[in-house]
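Residue numbers (my numbering), protein chains in the order written: chain V, 1 to 431; chain W, 432 to 569.
Contents: one structure, followed by commentary.
Printed below as a string of C-alpha cells:
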C-alpha cells in the first residue's frame, strides 16, 4: 500500500494544502522546465550578441545610405551565413520570417501558387504540425488536392505509401523532420531522394530538428525547409525558410507583399536583433551539437529508465530508434494526463490529454499512431534541454513515479485491471 | 489553467478514497464515464436499511483534477444524508462549491451521475432482497 493515499480529511477547509510529495528537492531549483519542444530559454550567449542591436546598432538593414544601415546589414548577413552553414546551404538561400508557422505557410502556399500550372496535388502526413495541416486544408478550399499519409505504429511514414501517393499532378511533398510531440524523425533523406527522382519539390518543417540533430539540405535533397529560433535557444518571433537556388531552383509566390525585402519572397523590415540571435543560436548548435546530443540522450535515457524501471504498464509513444535525443513521450496507463500534471506542478511538461487542449480532443498525433484514446489521455511529453541537469532528471523521475502511484491508488481502472477485469470488455456508460 | 483552492485541496487530500464490498446488499455502486473520454468515476455508498441513511461513501476516479475533486466532494456530501436527500444534490451545487470553469462542468455532471447510479444500484438490490422472505419493507 502506498503511504501517499489515505482517507485523511484536511483540516482548514479552503486553505491550500501543501503538496503531498516526499521527494527531496534539495539538489534542484523549482520549478523545473522540461518542456523544451514548446520553447527554449534564450542562451545567455545569444542574448549577449543580440543586445547591441537594440541600442547602438539599431539601424534598418535596408538603409543603404548610412553606417547605421550597413552595421545592421552586417549583423543580418553574418546570421545568414551561420544558418546556412549549419544546414549545408548557401547564405542566399536563407529567407528570414517571423517564425516556423510563417515559414510553413510561405513554403506551402508559395509553392502551390507558383507551380499551379504544373499540378495541384500536395502530399503531407497526418502527424504534421497544425501550421502545415491547416495550410493544406486551406489550399483544399482553393481547389488543391491533398493526400494525408498515415503513419505506422512507430510514427514513421511508409515510403511505399508515399510512392503510391505520387502522381503526375504532385507538385509538393511536405513532411516534417522531427515531430513536436513524440520526437520521431522521419526518413527525410529517403523522402528527398524519392522527390528528386520524381521531379517533385520537398519541403520539410524542421522546427524541432535544426540545431538538435544534423540536417544537410544537400545530402537530404531538401528543397524548402522551415526553421525556428526559439526552439533552439534563440528568441521568439523569428525564423527562417531555406529555399533552394540550384538543382532545382525553387520559386515561391510571396504571401506578404511590400518593399521587396528578402529578394521579394518576404517583405517587411527585418527583425535584426532576432535574426542576429538566430544566427548565434545556429553557431552555438554547430559547435556543440555532437556533445550536446550525447549528453541529452544520456539524460533522456536516464529519465526513461528511472521511470520505466519503477512503474508497470507505462508505454513509450513512437520509435525509440528514430527519435530526437532530447524527447521522450510516455503513456501512464490508468492515470489521466492532466491530473498527473497537476500532481507534478513544480515541473513544466506537456500532456496529450484532451483536458489540456482547447478542443477537448486527445492528441491527434498519438491517435494517428494507433494509441487508444485512453492512453492518449494518459501521455506526458518530456522535452529535455540544454540547461537541464542530472539532478533535475532524477527529481522529475521521482516525482512522476510518486504521483503516478498515488493516482493509481485513486484510479478505478487500475483497481479493475488488478482484479483481472478486461477494461475493453466493460460496457461503459458514457455520459 | 488555474484551479480553485478547493479543487487543489480535494486533489491533494481526496476524501473517502477506497472501495466497499460491491457484493454486499447494503452497498450501492455507481460506475460512470468511459476511459476513452478521459473520465471514469466509481462511487460507492453503504446504506442503513432501517434509516435509509448513507453511512459510508467511497470513491475512486480516473480523470483530471476537477473530476477527482467533484467525486471527492460528492462522497463528503452524501455521507449522513438519506438516499432521497442525496438524490437532491445537483451538479450545479458542485460547480458552485468548487468554482469549476465552464470546460469542467462535465466533471460535476459525472459526479451527479455517479451518485444516482450508486443509489439506483442499491435500490435494485433492496428490491431483489425484498422479494425474498424475512424482509418485508418495499
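All C-beta atoms in this analysis are idealised placements derived from N, C-alpha and C, irrespective of residue type, glycine included.
Just so we're clear, the structure is a prediction, and the values are computed from it rather than from any experiment.
Quick check: the Cα distance between residue 447 of chain W and residue 506 of chain W, rounded to an integer number of angstroms?
Taking the second chain and counting its residues from 1, the one referred to as residue 447 of chain W is at position 16. Taking the second chain and counting its residues from 1, the one referred to as residue 506 of chain W is at position 75. Rounded to the nearest angstrom, the two C-alpha atoms are 7 Å apart.
Return the chain-ordered list of same chain residues with a C-beta closer than 6 Å to the C-beta of residue 128 of chain V, the five sequence neighbours on each side being excluded.
Position 128 of the first chain, counting from 1, holds the residue named residue 128 of chain V. Only 176 meet the Cβ criterion.
Classify residue 527 of chain W as helix, strand or coil using the three-state DSSP reduction.
The sequence position of residue 527 of chain W within the second chain is 96, counting from 1. Residue 527 of chain W: helix per DSSP, three-state reduction.
If we count the other Cβ atoms within 10 Å of its Cβ and call it buried at 16 or more, is residue 490 of chain W buried or exposed?
Stepping through the second chain from its first residue, residue 490 of chain W is reached at position 59. Burial call: buried.
Which residues of chain W have a Cβ atom closer than 7 Å to the Cβ of residue 364 of chain V, listed in chain order?
Within the first chain, the letter at position 364 stands for residue 364 of chain V. In chain order: nothing, as chain W lies at least about 14 Å away.
Alpha-carbon to alpha-carbon, residue 457 of chain W and residue 3 of chain V:
Taking the first residue of the first chain as 1, we reach residue 3 of chain V at position 3. Taking the first residue of the second chain as 1, we reach residue 457 of chain W at position 26. Reliability of the predicted coordinates at residue 3 of chain V is poor, the pLDDT of 34 falling under 50, and no value is obtained from them.
Just to make sure I have the definition right: I need the residues of chain W whose C-beta is within less than 8 Å of the C-beta of residue 283 of chain V. Which are they?
As a first step, residue 283 of chain V must be located in the first chain, where it is residue number 283. Within chain W, no residue comes near residue 283 of chain V; the closest Cβ sits about 38 Å away, beyond 8 Å.
Which chain V residues are close to residue 491 of chain W, counting only those with a beta carbon under 9 Å from its beta carbon?
Looking up residue 491 of chain W in the second chain gives position 60. Here the neighbours are 409, 410, 411, 412, 413, 414, 415.
Using a Cβ cut-off of 9 Å (strictly closer), state whether residue 433 of chain V contacts chain W.
With chain V represented from 1 up to 431, any question about residue 433 of chain V goes unanswered, as that position is not in the structure.
So what does DSSP say about residue 186 of chain V, is it helix, strand or coil?
Your numbering for residue 186 of chain V matches position 186 in the first chain. Correct three-state label for residue 186 of chain V: coil.
Return the Cβ separation of residue 504 of chain W and residue 467 of chain W in integer angstroms, given the expectation that the two are a contact with Cβ distance under 8 Å.
The residue you call residue 504 of chain W lines up with position 73 of the second chain. The residue you call residue 467 of chain W lines up with position 36 of the second chain. Rounded, the Cβ-Cβ distance is 25 Å, inconsistent with contact.
Drop a sphere of 10 angstroms on the beta-carbon of residue 249 of chain V, count the other beta-carbons inside from all chains shown, and report buried for 16 or more, exposed for fewer.
As a working mapping, residue 249 of chain V is identified with position 249 in the first chain. Exposed, because fewer than 16 other Cβ atoms sit within 10 Å of the Cβ of residue 249 of chain V.
Evaluate residue 559 of chain W with the Cβ neighbour count: other Cβ atoms within 10 Å of its Cβ, from every protein chain shown; 16 or more gives buried, anything less gives exposed.
Taking the first residue of the second chain as position 1, residue 559 of chain W is located at position 128. Classification for residue 559 of chain W: exposed.
List the residues of chain W whose Cβ lies closer than 9 Å to the Cβ of residue 30 of chain V, in chain order.
Residue 30 of chain V sits at position 30 when you count from the first residue of the first chain. Those do not exist, as residue 30 of chain V stays about 16 Å from chain W at its closest Cβ, beyond 9 Å.
Verify the CB distance criterion: does residue 418 of chain V have a CB-CB separation below 9 Å to chain W?
Taking the first chain and counting its residues from 1, the one referred to as residue 418 of chain V is at position 418. For residue 418 of chain V, the answer is no, since every Cβ of chain W falls outside 9 Å of its Cβ.
Identify the continuous beta strand (DSSP E) that holds residue 547 of chain W and give its terminal residues.
Taking the first residue of the second chain as position 1, residue 547 of chain W is located at position 116. Run containing residue 547 of chain W: none in the beta strand (DSSP E); it sits in the alpha helix (DSSP H), 536 to 561.
For residue 353 of chain V, go through chain W and note every residue whose CB falls closer than 7 Å to its CB, in chain order.
Position 353 of the first chain, counted from the start, is the residue given in the question as residue 353 of chain V. Those within 7 Å of residue 353 of chain V in chain W are 469.
Spell out whether any CB of chain W is found under 9 Å from the CB atom of residue 374 of chain V.
Mapped onto the first chain, residue 374 of chain V falls at position 374. With 9 Å as the cut-off, residue 374 of chain V counts as an interface residue toward chain W.
Beta-carbon proximity list for residue 418 of chain V, same chain, < 7 Å, skipping 5 on both sides
Within the first chain, the letter at position 418 stands for residue 418 of chain V. Counting only Cβ-Cβ distances below 7 Å, and skipping sequence neighbours, we find nothing.
Can you tell me the Cα-Cα spacing of residue 45 of chain V and residue 292 of chain V, whole angstroms?
Reading the first chain from its first residue, position 45 is the one you call residue 45 of chain V. Reading the first chain from its first residue, position 292 is the one you call residue 292 of chain V. Taking the straight line from one Cα to the other gives about 16 Å.
9 Å Cβ cutoff, residue 459 of chain W in contact with chain V:
Counting from one through the second chain, the residue named residue 459 of chain W turns up at place 28. With 9 Å as the cut-off, residue 459 of chain W does not count as an interface residue toward chain V.
Here's the rule I'm using: 16 or more other beta-carbon atoms within 10 Å means buried, otherwise exposed. How should residue 425 of chain V be labelled?
Against the first chain, residue 425 of chain V aligns to sequence position 425. That one is exposed.
Let me confirm a value: residue 305 of chain V is counted as buried when at least 16 other C-beta atoms fall within 10 Å, else exposed. Which label applies?
Indexing the first chain from 1 puts residue 305 of chain V at position 305. Exposed.
Less than 9 Å between CB atoms is the rule here; does residue 501 of chain W satisfy it with respect to chain V?
Your numbering for residue 501 of chain W matches position 70 in the second chain. Judged by the 9 Å Cβ criterion, residue 501 of chain W is not in contact with chain V.
Exposed or buried, residue 534 of chain W, counting other C-beta atoms within 10 Å across all chains shown (16 or more means buried)?
Position 103 of the second chain, counting from 1, holds the residue named residue 534 of chain W. Exposed, by the Cβ-count rule.
Chain V partners of residue 494 of chain W, CB-CB under 7 Å?
For this step, residue 494 of chain W is matched to residue 63 along the second chain. Neighbours of residue 494 of chain W on chain V, chain order: 336, 339.
Can you name the residues of chain W whose CB is closer than 7 Å to the CB of residue 423 of chain V?
Taking the first chain and counting its residues from 1, one reaches residue 423 of chain V at position 423. Neighbours of residue 423 of chain V on chain W, chain order: 466.
Relative to the C-alpha of residue 510 of chain W, which candidate in W:477, W:439, W:496 has its C-alpha closest?
Position 79 of the second chain, counted from the start, is the residue given in the question as residue 510 of chain W. Ranking the options by Cα distance to residue 510 of chain W, first place goes to W:477.
Does residue 370 of chain V get closer than 9 Å to chain W when you measure Cβ to Cβ?
Locating residue 370 of chain V in the first chain gives position 370, where the first residue counts as 1. So no, residue 370 of chain V is outside the interface.
Contact set for residue 115 of chain V: own chain, Cβ-Cβ below 6 Å, skip 5 residues either direction:
Working through the first chain from its first residue, we reach residue 115 of chain V at position 115. Once the five neighbours on either side are set aside, the close Cβ partners of residue 115 of chain V are 171.
Paired residues, beta bridge with residue 347 of chain V - DSSP:
Numbered from its first residue, the first chain carries residue 347 of chain V at position 347. Looking at the DSSP assignment, residue 347 of chain V forms a beta bridge with V:32.
Expressed to the nearest angstrom, what Euclidean distance is found between the alpha-carbon atoms of residue 184 of chain V and residue 323 of chain V?
Taking the first residue of the first chain as position 1, residue 184 of chain V is located at position 184. Taking the first residue of the first chain as position 1, residue 323 of chain V is located at position 323. The straight-line gap from Cα to Cα measures roughly 4 Å.
Beta-carbon of residue 439 of chain W versus every beta-carbon of chain V: anything under 9 Å?
Looking up residue 439 of chain W in the second chain gives position 8. Yes, because at least one Cβ of chain V sits closer than 9 Å to the Cβ of residue 439 of chain W.
Three-way DSSP call (helix, strand, coil) for residue 37 of chain V in this model
As a first step, residue 37 of chain V must be located in the first chain, where it is residue number 37. Coil at residue 37 of chain V, not helix or strand.
Three-state secondary structure (DSSP) of residue 54 of chain V:
For this step, residue 54 of chain V is matched to residue 54 along the first chain. Looking at residue 54 of chain V - three-state DSSP - the assignment turns out to be coil, as it is neither helix nor strand.
Please report the straight-line C-alpha distance between residue 296 of chain V and residue 368 of chain V, rounded to a whole angstrom.
Residue mapping note: residue 296 of chain V aligns to position 296 of the first chain, counting from 1. Residue mapping note: residue 368 of chain V aligns to position 368 of the first chain, counting from 1. Cα to Cα, the separation comes out at about 27 Å.
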